[in-house]
Amino acid sequence: MRITVDTHTHTSVSHHAYHTLDEMLRQAGEMGLEGIAITNHGPALGDGAHPWHFSSMSSLEKEYYGVRLLKGAEANIISYDGQLDLEDWVLKRLDLVIASYHEPCVAPSTVEEHTRGLLNVMDNPHVDIIGHMGNETYKCNYEAVVKKAKEAGKIIEINSHSFVFRKNSDKNCREIALLCKKHGVNIVVSSDAHAKDRILFVDKALKMLDEINFPEELVLNTSLEKLISYLQIEK
1051 MRITVDTHTH TSVSHHAYHT LDEMLRQAGE MGLEGIAITN HGPALGDGAH
1101 PWHFSSMSSL EKEYYGVRLL KGAEANIISY DGQLDLEDWV LKRLDLVIAS
1151 YHEPCVAPST VEEHTRGLLN VMDNPHVDII GHMGNETYKC NYEAVVKKAK
1201 EAGKIIEINS HSFVFRKNSD KNCREIALLC KKHGVNIVVS SDAHAKDRIL
1251 FVDKALKMLD EINFPEELVL NTSLEKLISY LQIEK
């Protein structure tokens, strides 16, 4: 299985990332990617981007260095009612929106509350992807969330960065992937790159998917055409 679009990356606009937009795009072109999503953190994280950063992404070209640029955001879930730190008027201008939990934005709670938050956020029509759901800090009822993703047409992210940097995420991601396979839920495999040399750094996630014989047809970012068709992004 080959990933051709990295759906979760950050530029130096997120101050704990290290390369500029141009550097990330140039690297993606040199690697032969079909596309890359730039998904900087929303403002609630502290060093995230201003809302205007996201609303102004529409002024960027669709392609640089032969690579399709998907204009996105990693919006922070800021309450278990499903509230995000970016408003709908911003989100609707983007190609791709990831919704994720981060500790500075919402305090970890119970499995029930974590689950409730994800179920609520999937009611937002502008959210496309549930980010790094395997994070042990926000353990949830995986089957309930996967079933809701199927019902709502949302995508579950298998975040390869988590396999290294988030305790128990490898085990949790395997469980989540098995449930996505069982229920026929689409996934993306992403690097969550915070530097250009981490773009498409997804080997650990792909190895796990291969071990469980995960169906490639459910992995949307093996093809730019498949991904933008599912997300209904203008070609």
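Residue numbering for the sequence shown is 1051 to 1285, as defined by my numbering. From the three backbone atoms N, C-alpha and C, an ideal C-beta is built for every residue, glycine too. A quick note: this is a predicted structure, and the numbers were derived from the prediction, not measured.
Pull up the distance between the alpha-carbon of residue i and that of residue j, whole angstroms please.
i	j	result
L1136	A1094	9 Å
G1096	C1155	9 Å
L1120	E1111	10 Å
V1295	R1224	This structure does not reach residue 1295, given that the chain is present from 1051 up to 1285, and the question cannot be answered.
V1161	L1168	11 Å
H1091	H1065	9 Å
E1261	N1236	18 Å
G1122	K1257	27 Å
W1102	F1213	32 Å
K1197	K1285	30 Å
G1098	E1124	9 Å
I1283	D1138	17 Å
V1063	L1141	17 Å
V1269	Y1280	11 Å
Q1133	G1082	37 Å
H1100	L1259	36 Å
D1072	D1247	14 Å
E1201	G1234	11 Å
K1189	M1183	8 Å
R1143	M1107	8 Å
L1228	E1113	35 Å
N1263	L1277	21 Å
Tell me whether the beta-carbon of residue i lies closer than 8 Å to the beta-carbon of residue j.
i	j	result
V1147	D1178	yes
V1117	N1271	no
A1245	S1210	no
T1165	A1194	yes
D1131	N1191	no
L1274	E1084	yes
K1204	I1226	no
V1040	I1206	Nothing about residue 1040 can be read from this structure; the chain reaches only from 1051 to 1285.
K1232	P1265	no
T1089	T1059	yes
So residue i and residue j are in contact, right, with Cβ under 8 Å, and what is the actual spacing, rounded?
i	j	result
N1185	S1219	6 Å
N1126	S1105	Between S1105 and N1126 the Cβ distance is about 17 Å, and since that is not below 8 Å, they are no contact.
M1074	T1061	6 Å
I1128	I1249	Their Cβ separation, rounded to whole angstroms, is 28 Å, which puts I1128 and I1249 out of contact at 8 Å.
T1187	E1153	7 Å
With 16 other CB atoms within 10 Å as the buried threshold, where does residue i fall?
i	result
R1052	exposed
Q1077	buried
A1243	buried
D1145	buried
S1109	exposed
N1222	buried
A1067	buried
- [ ] Could you name each continuous beta strand (DSSP E) segment of 3 residues or more that falls completely within the stretch 1212–1262, going from the start of the chain to the end?
- [x] 1237–1240
Open item on the list: Just to confirm the assignment: which complete alpha helix (DSSP H) runs, minimum length 4, are found wholly within the stretch 1066–1118?
Closed with: 1071–1081 and 1101–1105
Task: Unbroken stretches of the alpha helix (DSSP H), 4 residues or longer, contained in the stretch 1120–1189 - done: 1138–1141 and 1161–1171
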